Amino acid sequence: MSSIGLILILVLYVSILFYIAHWAEKRSNSKWTTNPYIYSFSLAVYCTAWTYYGSIGVAAHSGLSYLTIYLGPIIIIPTWIIILKRIIRISRVNKISSIADFISLRYGNSRFLGAVVTLLCVFGILPYIALQLKSISDTFNIVTNTQSSSNIFSDTTTYVCIALALFASYYGTKYVDASENRRGIVTAVAIESILKLIFFIIIGVYVTYFVFDGFSDISTKAALLDHYDTKNSIGGLTEGINWFFLCVLSMFAIFLLPRQFHTAIVENNKETHIRTAIWLFPLYLFLFNIFVYPIAWGGNILFEGKGLNADTYSLLIPQFFNNNVLTVLVFLGGFSAAISMIIVSSISLSTMLSNNLLIPYGFVGSLENSSQKKNNKRIITSRKIAIFSLIILAYFIYRYFILEYSLFSIGLVSFVVIAQLAPAFFGALFWKRGSKKGAVTGIILGFIICFYTLLLPYAIGISSSSSTFLQEGLWGIELLKPFQLFGLDYLEPIQHAFFWSMLVNTMSYLAVSVSFSGNYRERNYAEMFVDIDKYITNHENAFVWKGIAYISDIQKVLRRFLGEERTTRALNIFNLKYNIDKDITTADARFIKFAENLLTGHIGTASAKILISSVIKEDEISLPEVLRILEESKENIIINKKLTDTSNELKKLSDQLKSANLELIEKDLQKDDFLDTVSHELRTPITAIRAATEILHDDHDEIPDELRKQFLKSIISESDRLNRLIDKILDLEKFKTGKHKIYLSKNDISKTINSTIDSVRQLIKNKNISVVFNEPPQEVKAFYDEERIIQVIHNLLSNAIKFCAVIDGKINIAVIEKDNHLEVHIQNNGKGIKAEEFEPIFDKFYQSKNQNVKKPIGSGLGLAICRQIIEHHKGTIWVESTEGEGATFIFTLPYYNTTENQ
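Residue numbering for the sequence shown follows our numbering, beginning at 1198 and increasing consecutively.
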């Protein structure tokens, strides 16, 4: 493919990325840019050009050892739910924007330690950025069939560098506060991660199933090549130890690489996103590695003996078969892998350079008296210059230092350098005794060992046979050979350097920290880091400070960076949070910490401390006093938690009491309605009896016999009615107190239903209602007290008659057999019952308002008695209804004798 054609494709591709970043930045709160999947895919910035191309080269030359770089993260990622969450919480409450800020803050807000961490990261990451540029240059030349140019102006990589520097400096420095989320960059990186995985899977499928006939075909043909079996096994104990150290190295890298810290910590906007990341990111790594083996060994089969660079097999194979479209897609995938790493790394490094080197050691003094606009402009400009400088410097390293090394080897060198932060970093999270002196000593001595055993040999030339330093050791002392230090000769160069540097680093960190205790500020932050879960809600309370400070002085400093409006808003929030009177003039420890946090995102932890310290007078505090204050703070937090829990419990009890009170009021109203109805029901027959009796008494001689019989019949009828009402009340009370007995026998439910229908047949006829009983073809028997079940069916039939449609009323009765019980359904075609009445309709004081008459009819006891009877039979009763379409009452009866099964 022509160079111009590929350049045009790259311009279009980069333009699309610009658009995606611009779109996401404008929709920073959209679900499309803040969801857990975007966060998880952005973590795949771990998979750089080294992963995309270098893993294939390692697999082709060394077999399975490429897996170690992915096994480490996959093994450690499940711990993210604890470790990463802790780091995120610490960073969020302290407005941390880089790993340098994180480590320096933990060790007493040390300016020097922040600078050391920054320099180490720059030293370790610049060659890594150069590696990405090397991959872009090499692969561009392969796709276009051109040679590298010694003239930088005719080298395409030069212009790629400039474009990336523009992109990173524009979108990476939009916010003065470096702890702010950059949704544009993150979304663009996530999209690139998806694309590079898709393109890699496409080339993998192509090689495996189109060039060859599946995995088995590649394996069979590759087995004929030299050293196939040796390369594709872990080997013996020596190889196993080498594997182990590479796995540990990659475990550290997933936490410590500046780009990983930035995407995983700084750009995290919800802790819950970790839950998605802990399964999606390992899945991503797994998918990325499925086709590394077939591409690597497919290339070995196709290009055996040709001496081609195995790193580029994924490009050479489709090019070999003249598949230009696939070649370009693979190139774009590798380009995505490279530029996403360059952009994120340059942004994170520029933040570290400005906040931990340039500002605290350079122009922090000039920021004290400038306006907000000038300060912000200087900070942003310094970061833009840093981004440009880093990328251009990486370009020159690529041009003049690393052209002869493979992608994999350069990447591992960077890993070892960054790993020197591990003891200080993990010690910050879990060990309160760790001190600044220990951290600085460990990092410096570890880097010296790393430089001696790895960086210096690589600078000389790892394969140089003429170097006496490599062959004989320093001053000819064999024990000082850089690759066999103190006679350790079974580790590979990377693993060897990692082992010795980590040993010296860790032992120095531990020994110095134990021997020389840190100052009160270090111990203060140690407590706040290690016990972050205790201080997460009120972390300002845990900050120990004594001295004299005035709010007005601190406000002036804040205004120079935050502006008048934001400063006022922040102070109002602080006053509300801690219930502080706005007229108070002196600042306490909480306000000092709050002010430092506000500045940290702009200028870093060290510079924030310097600026705040310039307007306050701090008194020295002894270590025992710090511990005492922290202990009091812990006690206050515990007391506050107990008070909060007690308050929540009281609120819960209050809600329950309120609910019970409303229920009692409702019951009381129902009871009033019940008493009113019962009074009416009692008064009606009593009045009728009294009237008839008075007539018979007063006019007995003048009343004809026929009329006298009618009056006596009315007296008997009303007496029976009165008796039934009293029986209902007594029945309900007996059921409630458990005094009522039921007498079970085996009965045919169809006969019981028919018997009940006959008792109300005249009433049904009078109301012109049709009753349909879908009688089962055979006998259906169950154990029940027939008298009581007749009472239930009678009550349900009476209700059905009462609530049936006035015109064309219809009642359907059915018996349904189940496995261990039967169901009786009694349905009417009336108005139906509201869903909210399904439960209360069975309460003893409840009367449905949805009747065919305005005033509820009946005592409201019938259904309550039905429920008691059915429940005493170990059955259930309920109602089903759609308002306006009638109601169906259903009850169940067991087939077995419930008195025998109790």
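Using N, Cα and C, we set each Cβ at its ideal position, and we do this for glycine too. Being a predicted model, the structure only gives us computed values, none of them experimental.
Going by DSSP in three states, residue i sits in which element: helix, strand or coil?
i            : result
residue 2049 : A caution first: residue 2049 carries a pLDDT of 48, below 50, which makes its placement in the model too unreliable to give a value.
residue 1999 : helix
residue 2022 : strand
residue 1783 : strand
residue 1893 : helix
residue 1679 : coil
residue 1967 : strand
residue 1753 : helix
residue 2008 : strand
residue 1365 : helix
residue 1250 : helix
residue 1571 : helix
residue 1689 : coil
residue 1633 : helix
residue 1848 : helix
residue 2094 : coil
residue 1452 : helix
residue 1545 : helix
residue 1704 : helix
residue 1383 : helix
residue 1617 : helix
residue 1305 : coil
residue 1993 : helix
Who are residue i's beta bridge partners in DSSP?
i            : result
residue 1744 : 1815
residue 2075 : 2087
residue 1979 : 1944
residue 2014 : 2019
With a threshold of 6 Å on Cβ separation, who are the neighbours of residue i within its own chain once the five nearest residues in sequence on each side are excluded?
i            : result
residue 1415 : 1409, 1491, 1494 and 1495
residue 1530 : 1393, 1396 and 1397
residue 1202 : none
residue 1307 : 1301 and 1633
residue 1404 : 1491, 1492, 1495 and 1514
residue 1303 : 1625, 1722 and 1726
For residue i, tell me which candidate among the options has the shortest Cα-Cα distance.
i            : options                   : result
residue 1943 : 2028, 1802 and 2091       : 2091
residue 1715 : 1855, 1630 and 1676       : 1630
residue 1806 : 1754, 1749 and 1579       : 1754
residue 1711 : 1730, 1576, 1638 and 1768 : 1638
residue 1413 : 1367, 1488, 1441 and 1243 : 1488
residue 1690 : 1667, 2035, 1703 and 1705 : 1667
residue 1272 : 1446, 1223 and 1342       : 1446
residue 1651 : 1618, 1730 and 1698       : 1698
residue 1814 : 1784, 1801 and 1798       : 1784
residue 1480 : 1241, 1349 and 1263       : 1241
residue 1621 : 1310, 1857, 1683 and 1329 : 1310
residue 2032 : 2003, 1941 and 2081       : 2081
residue 1482 : 1518, 1279 and 1245       : 1245
residue 1316 : 1522, 1439 and 1550       : 1550
residue 2062 : 1747, 1993, 1907 and 1963 : 1993
Excluding the 5 residues preceding and the 5 following residue i in the sequence, name in chain order all residues of the same chain whose CB lies nearer than 7 Å to its CB.
i            : result
residue 1208 : none
residue 1594 : 1323, 1324 and 1327
residue 1548 : 1294, 1295, 1375 and 1580
residue 1387 : 1235, 1238 and 1239
residue 1344 : 1338
residue 1429 : 1260 and 1261
Note down, in chain order, each residue of its chain lying with its Cβ closer than 8 Å to the Cβ of residue i, except the 5 sequence neighbours on either side.
i            : result
residue 1282 : 1468 and 1471
residue 1669 : 1675 and 1678
residue 1990 : 1949, 1950, 1953, 2021 and 2023
| Counting pairs of Cβ atoms below 8 Å between the segment 1994-2003 and the segment 2012-2021, do you hit three or more? | No: fewer than three Cβ pairs fall under 8 Å.
| task | Check whether the segment 1935-1950 touches the segment 1964-1983, counting contact only when three or more Cβ pairs, one atom from each stretch, lie closer than 8 Å. | result | The segment 1935-1950 vs the segment 1964-1983: in contact.
| Using 8 Å as the threshold, is the segment 1509-1520 in touch with the segment 1208-1227, meaning 3 or more CB pairs across them? | As far as the Cβ criterion goes, the segment 1509-1520 does not touch the segment 1208-1227, which means the pair count is below three.
| query | Are three or more beta carbon pairs between the segment 1521-1540 and the segment 1773-1787 nearer than 8 Å? | reply | Result no; under three Cβ-Cβ pairs closer than 8 Å.
| said: Can you confirm whether the segment 1692-1709 touches the segment 1611-1622 when touching is taken to mean that 3 or more C-beta pairs between the two stretches lie within less than 8 Å? | reply: By the criterion of at least three beta-carbon pairs nearer than 8 Å, the segment 1611-1622 is in contact with the segment 1692-1709.
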